[in-house]
Amino acid sequence: MRTQYYGMLSEVSNLDRSILACSKCPNSLVDYDWLPISYFGDIQHANAWTISINPSAREFTDAKGEVLTGTAQRFARLADFSGVVARGDIRQSETASALAMQDSVLRRAPYRPYFSKLGNFLGLAVGQVSIRDGLDPFVRGIEKRKQRMLFCHLDLVKCATRVPWSKLDRGKRRLLIDNCQGFLAQQFDRTPKVRLLLINGRTALTEIEPVLRDFGLRATSMPVELATTRCELISGTIDRQRRFIRVVGWTANVVNQQLRTADIILLAKAVHQAMS
269 MRTQYYGMLS
279 EVSNLDRSIL
289 ACSKCPNSLV
299 DYDWLPISYF
309 GDIQHANAWT
319 ISINPSAREF
329 TDAKGEVLTG
339 TAQRFARLAD
349 FSGVVARGDI
359 RQSETASALA
369 MQDSVLRRAP
379 YRPYFSKLGN
389 FLGLAVGQVS
399 IRDGLDPFVR
409 GIEKRKQRML
419 FCHLDLVKCA
429 TRVPWSKLDR
439 GKRRLLIDNC
449 QGFLAQQFDR
459 TPKVRLLLIN
469 GRTALTEIEP
479 VLRDFGLRAT
489 SMPVELATTR
499 CELISGTIDR
509 QRRFIRVVGW
519 TANVVNQQLR
529 TADIILLAKA
539 VHQAMS
């Protein structure tokens with residue numbers, strides 16, 4: 269039996285199974301052997317989220333496209349479970365196994381090219397300090413005004429797509445988002461500890477901001493003057509039944525974009541101020 273991490277255990281179990289069993293999208297868009305990823309990290313104790321679009325194929329494969337196995341494997345695949353031929357056949361014990369891999373992935377086998385860079389920026393933006401290990405915000409947490417902020421990462425779309433998001437046409441993107449955003453809404457309502465949402469990069473912000481507005485986000489935007497690129501920052505608050513969550517997003521991409529150190533520091537300061 270999986271331990272409770274948000275809401276009532278029966279509700280959580282149903283939500284988790286619904287995500288893992290989801291088959292709404294056509295097989296031409298998603299690989300059904302790669303199971304959906306509900307979250308990355310310790311969702312039970314996290315009080316802050318980073319949100320992006322969808323998992324990369326690199327969460328399941330190496331640089332050559334070979335499927336990760338053994339200690340290198342990050343997430344569960346359909347092929348891992350004996351006698352299971354479709355997502356809808358996944359049993360409770362297998363759901364628990366898949367979730368355990370999600371819980372532990374950032375301690376066990378993180379995709380460092382993404383999470384270390386993002387975590388280093390979080391150290392500057394949230395704690396205003398340089399951190400030794402970029403995974404610390406997701407694994408140990410960082411201090412912000414005498415409060416420890418522990419981050420969990422979630423994606424709007426839970427499945428890795430067969431081709432990168434940037435190469436999908438608008439209709440396919442819309443289909444994926446429409447099919448998946450209800451899951452994010454349910455996760456959002458079942459994580460009462462969360463008080464901060466951060467969104468990195470123009471692509472993520474473009475897709476996620478409208479969804480958060482449906483959740484009740486009221487936000488304003490402002491330019492951030494960087495030397496190497498134009499950057500817009502949005503900040504606001506979600507009032508979800510008198511539960512207030514701060515939201516900050518920025519169009520520069522601190523993971524995939526080549527930003528100067530001075531620009532990263534400037535952006536981190538702007539994000540820190542917007543969180544106040």
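Note that the numbering used here has the sequence shown beginning at 269, numbered continuously upward.
Beta carbons: idealized from backbone N, C-alpha and C, even for Gly.
In its chain, beyond the 5 residues on either side, N447 have a beta carbon closer than 6 Å to the beta carbon of K292.
Distance from the CA atom of L303 to the CA atom of P381, rounded to whole angstroms, is 22 Å. Per the DSSP secondary-structure output, M417 pairs in a beta bridge with I410.
Looking at the DSSP output, L465 sits in a beta bridge with W317 and V515.
Counting along the chain, A331 sits inside no alpha helix (DSSP H), nor does DSSP assign it H or E at all. DSSP, read as helix, strand or coil, puts A520 in coil.
Counting along the chain, I532 sits inside the alpha helix (DSSP H) bounded by residues T529 to M543.
A Cβ-Cβ contact shorter than 8 Å links L452 with L424.
Of the candidates C427, V462 and E493, C427 places its Cα closest to the Cα of D299.
In the structure shown, the three-state DSSP call for R470 is helix.
Counting every other CB atom within 10 Å of its CB across the protein chains shown gives T519 a total of 16 or more, marking it as buried. Excluding its 5 nearest sequence neighbours in each direction, A536 has C-beta neighbours in its own chain below 8 Å: F389, L392, A393 and Q396, listed in chain order. Secondary structure at F383: helix, using DSSP grouped into helix, strand and coil. Taking the C-beta atoms as reference points, L374 is found nearer than 8 Å to F308.
W433 places its beta carbon 8 Å or farther from that of R442. R285 counts as buried, since no fewer than 16 other beta carbons sit within 10 angstroms of its beta carbon. Separation of the CB atoms of A495 and D531 is rounded to 6 Å, and the pair is thereby assigned contact status at 8 Å. F308 has H421 as its beta-bridge partners, per DSSP. R345 sits in a strand when the DSSP states are folded into three classes. Judged by DSSP secondary structure, V373 falls within the alpha helix (DSSP H) whose first and last residues are Q360 to R376. By the Cβ criterion, the region 456 to 473 is in contact with the region 317 to 329, since at least three pairs of Cβ atoms, one from each stretch, lie closer than 8 Å. Each residue's CA atom was taken as its position, placing A289 and L283 some 10 Å apart.
T363 is classed as buried because its beta carbon has at least 16 other beta carbons within 10 Å across all chains shown.
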